[in-house]
Each structure stands twice: as structure tokens, then as C-alpha cells.
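The structure appears right after this line, and notes come after that.
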Amino acid sequence: MQAKKIAAAVVAGITALALSACGSPAGGGGTGGGEKTTFRLAFNQTEAHPQFKAAEELGKKLEQATDGRYTIEVFANETLGSQNEVVQQVSDGTVDMMYIGGPVMESFNQDFIVFNLPYVFDSPEAQAKVFADEAVMGDLKKSIEGSKKITVLGALHAGVRNVYNAKKPVTSPADLAGMKIRVQQSDSQVKMIQDMGGVASPMGQGDVYSALQTGVLDGAENNETVFNALKHDEVAKYYSYTRHLMIPDYLLMSTEVLNKMDEKDRTALLELIPETIDAANKGFMEFVEESKAASEKTGAKFNDDVDTSAFKAATESLVKASINNPVRQKLYDAVQKANG
Numbered sequence: 310m311q312a313k314k315i316a317a318a319v320v321a322g323i324t325a326l327a328l329s330a331c332g333s334p335a336g337g338g339g340t341g342g343g344e345k346t347t348f349r350l351a352f353n354q355t356e357a358h359p360q361f362k363a364a365e366e367l368g369k370k371l372e373q374a375t376d377g378r379y380t381i382e383v384f385a386n387e388t389l390g391s392q393n394e395v396v397q398q399v400s401d402g403t404v405d406m407m408y409i410g411g412p413v414m415e416s417f418n419q420d421f422i423v424f425n426l427p428y429v430f431d432s433p434e435a436q437a438k439v440f441a442d443e444a445v446m447g448d449l450k451k452s453i454e455g456s457k458k459i460t461v462l463g464a465l466h467a468g469v470r471n472v473y474n475a476k477k478p479v480t481s482p483a484d485l486a487g488m489k490i491r492v493q494q495s496d497s498q499v500k501m502i503q504d505m506g507g508v509a510s511p512m513g514q515g516d517v518y519s520a521l522q523t524g525v526l527d528g529a530e531n532n533e534t535v536f537n538a539l540k541h542d543e544v545a546k547y548y549s550y551t552r553h554l555m556i557p558d559y560l561l562m563s564t565e566v567l568n569k570m571d572e573k574d575r576t577a578l579l580e581l582i583p584e585t586i587d588a589a590n591k592g593f594m595e596f597v598e599e600s601k602a603a604s605e606k607t608g609a610k611f612n613d614d615v616d617t618s619a620f621k622a623a624t625e626s627l628v629k630a631s632i633n634n635p636v637r638q639k640l641y642d643a644v645q646k647a648n649g
């Protein structure tokens, strides 16, 4: 019995040393004794994505700004789970940070819908101006701290979404008649495609390629980076610039993990966020051009002869119906002011 107790003590000691060597676990927040806390940041796209690169750079700058007390490790390709799975872990504090798509945020606070509506933003510049304005964004970013223990650190440009299909170029709503178009699993997105003339088919992103390949879907809607990265350009050659959505991504952090940081270190992290967003946004613009060129090499055809005013008019009722409380009206008005 004594020998077993000694062996158990040795194993416990080895385990403690191993954990110490690896840094604090997710949400640890502890910096005593010179320990390093490594925040885990979940991402659902590849290491080539500019948001991944910006997050890695954020980790390096955070480590330098906190004298080695904090850094960030980025987990790409959904290695920590899907966005819907990971956001619950961020809420629990078992994953520290993540990037998340705008539509998912509607399930936590429906006021986020304002930025997910068709033809709300006129340009990426107007979008960036709104997102950088704390007078506009401050309350929204903190709005789920109480209910979900999640803080929104910032909002990022995630491209302009357009329609693509396997049949023909799309120039007007009439061209989408009868076409089964994949949309995100969101009521507002379903209504949008219906108003644009198509047949909305909600579906997980992982099933889209095979559905396009087999004809279950006629098309989908997304930005050029996804069109190329997921090889949809192989099975849906006609990409048309409807420019119907400019949905953002958000950088989230566990509120409890954030609040456990020493004030000086927390301030250092928050001060790094704007430049991180700026780097990700600039990188995204370059990524779009690279993706478009790569898709053209596969034979994809990009069509800019689109009557966007007709699509905008077709979706106006959805926008008006969604701006239905003072909070959303304030956000919408701020966007219109930024649009100029």
C-alpha cells in the first residue's frame, strides 16, 4: 500500500510539471510565478486565411506587450469543433476566443441582424467605419456578457457575398427563378433568397459541394474566397456579382477569462484589437483577388453585368420588417450615415 502511495505521488508530480511546461489551461488567467497563459482561439477556416494570420500576429504582440505572461494559439479548420459547438465552449470558458460568423450571433441577441441584412452597407469602408465607432457598437458588443458570458472584442470584414450557380450568369431576379440556392441556416437568409427570386435551401457548408455536384443544389451564395477554397468553382462555374450581403465576422472572448486578466494585461490586449482587425481586413481584400484569379484558372466565369438595384428593391421589405425596435433603428441609422 505504501508503495502505491509513493507511485501515485510521483505520477502527480510528473503531471504537474508537464502542465507547468505547457502553460496554463484555457481560461486559467493566472500569471503568478512567471507562468504563461496561452489562450486558445478557434477558427473554422484554413491557415491561409488572413484572419488566421492576424490572430497569430496578435498572439505574438500580446506576448511582447505582457512580458510573456499571455499569448494565443490559433486552431484552424474547425479542429476545436463547429462554430455552434465552440461558441458554447467560449460561453463555458473552456475555449478562450473564437471567430464567428454574423448570423450565429442572432441566436444570442437578435439585434445583430441589422448587419446581416441585404444591401445594408454600401462599401467595406462604410462597414469598417461603423464597426470602429464605440458610440455605435459599445452596447451591442457587451450585450451578451450577462446571458452568455461572451464579450465581442471586435467586428471584421468577411467579404461581399454573391450568387453562383451551375447553369448560367445571373443578371436579374428573374434569372434565379426555380434555382435551388444554398443559404445559411437563418430565417432572414431564407427570406432574402426567396425575395431575390430563388428557392432557398438551408444547408450546412460541409454538404454544399456534393449537393452542387449531384444537382441537389443549383447554386449557392458566398464570397470569392469560399467559392475557391471549398472548390465550388469546380461545380458551379457562373459567379455573378449580386453584392447582396456584407455580413461581418466577430472576434469573441470568454468574459470570465477576459476579466481574470490583470488590468494592465487586459488593457494591452484590448489596445491590440483595432490593429488586428485592420490587418485582417486588409489581408482579406488581397485574399479575394488571389481567390478570384485561382477560380478563373479552373474555368469559372465572373459576371459583373448585374442589376443590383433590382435585387435591392426586391429585398427592401425584409430590411424594413427587421428594423423593428429602437436599438436596431439606431444601428441602421449609423450605417446609413456611414454610407453617406
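Residue numbering for the sequence shown follows the working numbering, starting at 310 and increasing by one per position. Backbone N, C-alpha and C fix where the C-beta goes; we use that ideal spot for every residue, glycine too.
If we count the other Cβ atoms within 10 Å of its Cβ and call it buried at 16 or more, is residue i buried or exposed?
i: residue 559; result: buried
i: residue 563; result: buried
i: residue 386; result: exposed
i: residue 425; result: buried
i: residue 635; result: exposed
i: residue 594; result: exposed
i: residue 442; result: exposed
i: residue 656; result: Because the chain is modelled from 310 through 649, residue 656 falls outside the range shown and cannot be assessed.
i: residue 542; result: buried
i: residue 585; result: buried
i: residue 375; result: buried
i: residue 457; result: buried
i: residue 411; result: buried
i: residue 624; result: buried
i: residue 405; result: buried
i: residue 504; result: buried
i: residue 649; result: exposed
i: residue 524; result: exposed
i: residue 432; result: exposed
i: residue 626; result: exposed
i: residue 353; result: buried
i: residue 416; result: exposed
i: residue 515; result: exposed
i: residue 455; result: exposed
i: residue 583; result: exposed
i: residue 351; result: buried
Between the options, which lies nearest to residue i when the distance is taken from Cα to Cα?
i: residue 461; options: 438, 635, 572, 396; result: 396
i: residue 602; options: 548, 480, 649; result: 548
i: residue 581; options: 389, 418, 364, 348; result: 364
i: residue 381; options: 362, 421, 398; result: 362
i: residue 448; options: 436, 418, 466; result: 418
i: residue 622; options: 440, 357, 441, 551; result: 551
i: residue 359; options: 400, 411, 632, 589; result: 589
i: residue 345; options: 368, 502, 351, 553; result: 368
i: residue 567; options: 459, 605, 619; result: 459
i: residue 597; options: 501, 469, 615; result: 469
i: residue 348; options: 415, 439, 403; result: 403
i: residue 383; options: 370, 513, 571, 407; result: 407
i: residue 618; options: 501, 538, 553; result: 553
i: residue 538; options: 556, 517, 465; result: 517
i: residue 615; options: 436, 398, 465, 479; result: 479
i: residue 481; options: 423, 492, 502, 620; result: 620
Taking 8 Å as the CB-CB cut-off, is residue i touching chain D?
i: residue 540; result: Absent here is chain D; the protein component of the structure consists of one chain.
In this structure, what does DSSP give as the bridge partners for residue i?
i: residue 384; result: 351
i: residue 558; result: 410, 465
i: residue 511; result: 492
i: residue 549; result: 472, 612
i: residue 528; result: 474, 490
i: residue 379; result: 346
(Q) If contact is defined by three or more beta carbon pairs under 8 Å, each pair taking one atom from either stretch, is the region 473-484 in contact with the region 523-535? (A) Verdict: yes, contact present.
Q | Given 8 Å, three or more beta-carbon pairs between the region 481-492 and the region 503-523 | A | yes
Q: Examine the Cβ distances between the region 627-646 and the region 569-589 and report whether three or more of them are shorter than 8 Å.
A: no
**Q.** 3-residue-minimum beta strand (DSSP E) runs that sit fully inside the region 425-503, ordered along the chain
**A.** 459-465, 470-474, 489-492
Q. Are the region 489-506 and the region 532-540 touching, with three or more C-beta to C-beta distances below 8 Å?
A. Segment contact: the region 489-506 against the region 532-540, fewer than three CB-CB distances shorter than 8 Å; contact not assigned.
Q.
Going residue by residue through the region 552-605, where are the continuous beta strand (DSSP E) segments of at least 3 residues, counting only ones entirely within it?
A. 558-563
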